Every structure is written in structure tokens, then in C-alpha cells.
Amino acid sequence: MTHPLDWLTTPCARIDADSAEAARAYQNTLTKPPGSLGRLEEIAVQFAGWQHCVKPELNRVAIRVFAGDHGLCKQNISAFPQQVTAQMIDNFVAGGAAINVLSRFCHADFDILNLGTVAQPALLAADKNLHLGAGTADASEQPAMTQEQLIAALNAGRDQVDALADCQLFIGGEMGIGNTSSASLIYALLADRPAAEFAGPGTGLSIAGVTHKETVLNRVQDKYQVQVRTSESPALAALQLCGGFEIAAICGAYLRCAQRGIPVLVDGFITSAAFMVAQSLQPQLRDWSLFAHCSAEPAHRNVLEQLNIQPLLDLEMRLGEGSGAALAVPLLQQALALHGQMATFTGAGVDDRL
Ligand SMILES: O=C(O)c1ccc[n+]([C@@H]2O[C@H](COP(=O)([O-])O)[C@@H](O)[C@H]2O)c1
Ligand SMILES: Cc1cc2nc[nH]c2cc1C
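Written out as C-alpha cells, the structure reads:
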């Protein structure tokens, strides 16, 4: 009997170690002291393994923003009202959001998918509105998602990736008022640590607002911790219990990317929670991933440290939408341009050693 989520554990694509090794050797023939381009050199080597060639390129980037509302907003855990999610979707369609600007800047293929909001966006095409629900349920009262909604959201992320032709890098962005709470709960439940350790201001809560959020999140964690700990798949259980639709879709998208041989550039605090769930289902995902930045949401730094991940940038950003990842694309492109276009010691007639 097949299960609709069997695809989650399909192995990741093969990384070509020979191309990576050849690229590393080639780096050392370029007119610079070996290692002097620091982590830029390793980026080129990673892309060589991903693209199975010594001189990889990065011209085709896909950015998909996944949106959804959160029932937990009823508990007053965000500085912004829930209808902002749908309003921002219209802003994405109109091209006025930060991710639109950054996406245009790096000539990315941009699209948005709404998995379920309380308000209806006016400008989004009907086929981009999935209506899995009017947001998730309030996780402090009942599981955020039903099993059917979880499956539909994971599969929606997979389907977005399956529809990509010829993509060299995938960025998942998210928009969902209240979703820092879902991310914090996922981290807390999987680490079996108090949720308050992962709670922060999100879009801009006051100190008192954060204290209230901590109380709410601790209560939700108490409600679900045993269930998660004893579940067959703690990561999927935490995702279903705490939401949101957009986090599940990004989780599905990341896994499909690694299965199809498309590297992913993880954005910020919320997308890292999607990554954590995905990685626990398929540990090889790590080898297909880069992390764009350390978010200003305070717990992100600890989460990245726990995962032993060094992100590319640290700019005190906390916007989401995939913005930190889109910002890092030109950096990756420059790493590959240096690797592919610099002269070699022999070619330039430069002495390479004493
Ligand atoms: O990406 C991040 O690191 C990040 C950190 C804080 C907030 N956000 C964005 O802000 C929204 C969630 O914040 P909140 O306070 O409503 O939970 C959501 O739309 C995210 O895209 C994003
Ligand atoms: C305006 C606004 C834009 C966003 N983009 C991602 N999350 C957001 C939250 C708010 C409030």
C-alpha cells in the first residue's frame, strides 16, 4: 500500500564528487594565494558537485513565496493583524514588496502561492489560491492542520518544484502573520526545550508582547510535547500540530529540490524551521543546501549554531519573503564568476610558488 507521503523519503540526487574535486584543484591554479577567496572558493566547489561540471554557472534562479494564515493569531502573538498576509499577497502580485525588487534585481523567476488565508487576496490568480483552509486552526486549542491539510501543503510545495524547468537554485520565501510562533514551536518541540527560548519579537512585538507570546507558546508546547516525543515522526507531528501551511509547503519544496538535484538557498528564521523538519526526514538534504543569512529574530543564531551552519550574511534582517536569500544570489554569482573567469598562473605568466 502506498502512502501519499511516501515520496518524502525518496533519496536525494547524486552530487558529483569528481567534479567537486576537479573544481577544488582548478581553484588552486587561479592567480591568487590558495584559499584567499575564503568561503567563495567552497561555494564554487559545491556548485561544481551539484552541476556535475568544473565551471558551474548561476543564471536561472526560482523564487516561490508561499503564504498562509495562522489560527494562533487569535492569541495575540503578532504585532500585525492577520489580514496583512492577504494584503501582502496583493503587494507581491503588484510587484511592490521587497522580494519583488530583489527578485527583479537578480532576474529570478518569481511566483507566489497562497495556501489559505483569512482574507481573500484580490489580485492573485485563482489557480494560485489553494484554499486549504481560512488559515490554520488555533494550535492552542487543536492541531493547526488536519492530516489531509498537512499532506496537501507538503504536496503543493513538491508540485511547485516539479513544475520548474531547468532551475539552478531554488529560494523558498514565506509570508504569514504569526508564523514566527509556528517556527519557534517546531524548534522547541523538536529540541524538547522550553518554547520561550525560541520566542522573539517577530514583526516587532514590545517586550511585554514577547513575554505574552512566551506564555502562549509554552502552553502550546505543554499541550503537544508528549505527543511529538512519542510520535513515529516527531518532525511531521510538530509541523502538523503547530503549522503553518506555508512552512509545510516549503518543507515539501526543499525535499523535492534535493531529489531533483536543485540546490536550495534557505532564507531566515521560518524557512530554517521548514528545513529542520525536511532534514529530519531526509538528512542528505543538508548537502543540497546553503543558508543565506542569520535573521535578527534572536533564536535564529542558536538554531544555526545547533545545526552547525554558517550562513553567508548577517545583516540584522528579519523580513522573510525569501528576501535574505535573494540578496545573497549576486554573492553566489560572483563566487562562480571568479572561479570561471579568473586567469590561471600559467595562463597569465605569474609565478605560483617561491
Ligand atoms: O525570515 C525571518 O527571519 C523573519 C523574522 C521575523 C518575521 N518574519 C516575517 O514576519 C511575519 C511573521 O512575524 P510574526 O511576528 O507575525 O510572527 C512573516 O510574514 C515572516 O515572513 C520573518
Ligand atoms: C508589512 C509586512 C511585510 C512582510 N513580509 C513578510 N512578512 C511581513 C510582515 C509585514 C507586517
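Quick note on the numbering used here: the sequence shown kicks off at 351 and runs consecutively. Where is the CB? At the ideal position from N, CA and C, for every residue including glycine. In this text the structure is predicted, and so the values were computed from the model without any measurement.
Ligand 2 and residue 669: does any heavy atom of the ligand fall closer than 8 Å to the residue's C-beta? Numbered from its first residue, the sequence shown carries residue 669 at position 319. Correct: residue 669 has its Cβ closer than 8 Å to ligand 2.
Beta-carbon within less than 7 Å of residue 465's beta-carbon, same chain only, minus the 5 sequence neighbours each way: which residues are those? For the purposes of this step, residue 465 is taken as residue 115 along the sequence shown, with counting starting at 1. Cβ neighbours of residue 465 beyond the five flanking positions: 416, 417, 418, 480, 482, 503, 506, 595, 596, 599.
Can you give the Cα-Cα distance for residue 461 and residue 389, rounded to whole angstroms? Numbered from 1 along the sequence shown, position 111 holds the residue referred to as residue 461. Numbered from 1 along the sequence shown, position 39 holds the residue referred to as residue 389. If I take the Cα positions, the gap works out to 30 Å.
Residue range of the beta strand (DSSP E) that residue 417 falls in? The sequence position of residue 417 within the sequence shown is 67, counting from 1. Note, residue 417: beta strand (DSSP E), 411 to 417.
Residue range of the alpha helix (DSSP H) that includes residue 428: Within the sequence shown, the letter at position 78 stands for residue 428. Looking at the DSSP string, residue 428 is not in any alpha helix (DSSP H), and its letter there is neither H nor E.
Can you tell me the Cα-Cα spacing of residue 551 and residue 657, whole angstroms? Start at 1 with the first residue of the sequence shown, and residue 551 comes out as number 201. Start at 1 with the first residue of the sequence shown, and residue 657 comes out as number 307. Distance between the alpha carbons of residue 551 and residue 657 is about 22 Å.
Quick one, are the C-beta atoms of residue 557 and residue 432 less than 9 Å apart? The sequence position of residue 557 within the sequence shown is 207, counting from 1. The sequence position of residue 432 within the sequence shown is 82, counting from 1. Cβ atoms of residue 557 and residue 432: not closer than 9 Å.
Return the CA-CA distance between residue 441 and residue 623, expressed in angstroms with no decimal places. Looking up residue 441 in the sequence shown gives position 91. Looking up residue 623 in the sequence shown gives position 273. Cα-Cα distance, rounded: 25 Å.
Quick one: give me the first and last residue of the beta strand (DSSP E) that residue 461 is part of. Along the sequence shown, one-based indexing puts residue 461 at 111. Here the beta strand (DSSP E) through residue 461 covers 459 to 464.
Which residues mark the beginning and the end of the beta strand (DSSP E) in which residue 520 is found? Here residue 520 corresponds to residue number 170 of the sequence shown, with the count starting at 1. Its beta strand (DSSP E) spans residues 519 to 525.
If you draw a straight line from the alpha carbon of residue 447 to that of residue 669, how long is it in whole angstroms? To locate residue 447, count along the sequence shown from 1; it is residue 97. To locate residue 669, count along the sequence shown from 1; it is residue 319. Answer to the nearest angstrom: the Cα atoms are 11 Å apart.
Assuming residue 439 and residue 673 form a contact by the criterion Cβ under 8 Å, report the distance between their Cβ atoms to the nearest whole angstrom. The residue given as residue 439 occupies position 89 in the sequence shown. The residue given as residue 673 occupies position 323 in the sequence shown. No, residue 439 and residue 673 are not in contact; Cβ-Cβ is about 15 Å, not under 8 Å.
Segments of 4+ residues assigned as alpha helix (DSSP H) that fall wholly inside the region 576 to 659: 584 to 592, 595 to 610, 619 to 631, 649 to 656
Beta-carbon contacts of residue 722 that lie in its chain and below 7 Å, excluding the five residues immediately before and after: The structure shown has nothing for residue 722, since the chain only spans 351 to 704.
What are the boundary residues of the alpha helix (DSSP H) that residue 530 is part of? Position 180 of the sequence shown holds residue 530. Run containing residue 530: 529 to 541, per the alpha helix (DSSP H) assignment.
Return helix, strand or coil for residue 565, following the three-state DSSP convention. Start at 1 with the first residue of the sequence shown, and residue 565 comes out as number 215. Residue 565: helix per DSSP, three-state reduction.
Separation of residue 604 from residue 542, as counted between CA atoms: Position 192 of the sequence shown, counted from the start, is the residue given in the question as residue 542. Position 254 of the sequence shown, counted from the start, is the residue given in the question as residue 604. Their backbone Cα atoms lie some 24 Å apart in a straight line.
For residue 456 and residue 682, what's the separation of their Cα atoms in angstroms? Walking along the sequence shown from the start, residue 456 turns up at place 106. Walking along the sequence shown from the start, residue 682 turns up at place 332. Using only the alpha carbons, I get a separation of about 11 Å.
How far does the alpha helix (DSSP H) with residue 696 in it extend, from its first residue to its last? As a working mapping, residue 696 is identified with position 346 in the sequence shown. Its alpha helix (DSSP H) spans residues 695 to 698.
Coarse secondary structure for residue 669, derived from DSSP in three states: Taking the first residue of the sequence shown as position 1, residue 669 is located at position 319. Correct three-state label for residue 669: coil.
Exposed or buried, which one is residue 364 when buried takes at least 16 other CB atoms within 10 Å? One-based indexing of the sequence shown puts residue 364 at position 14. Its Cβ having fewer than 16 others within 10 Å, residue 364 is exposed.
Name the two residues that bound the continuous alpha helix (DSSP H) containing residue 435. Working through the sequence shown from its first residue, we reach residue 435 at position 85. Looking at the DSSP string, the run of the alpha helix (DSSP H) that includes residue 435 is 433 to 444.
By alpha-carbon positions, which one of 698, 471, 425 ends up nearest to residue 570? Here residue 570 corresponds to residue number 220 of the sequence shown, with the count starting at 1. Comparing Cα positions, the closest option is 425.
Between the Cα of residue 384 and the Cα atoms of 697, 473, 689, which residue gives the shortest distance? The count along the sequence shown starts at 1 and reaches residue 384 at position 34. For the residues 697, 473, 689, the minimum Cα distance to residue 384 belongs to 689.
In this structure, how does DSSP classify residue 505 when only helix, strand and coil are distinguished? As a first step, residue 505 is located in the sequence shown; it is residue number 155 there, counting from the start. Residue 505: helix per DSSP, three-state reduction.
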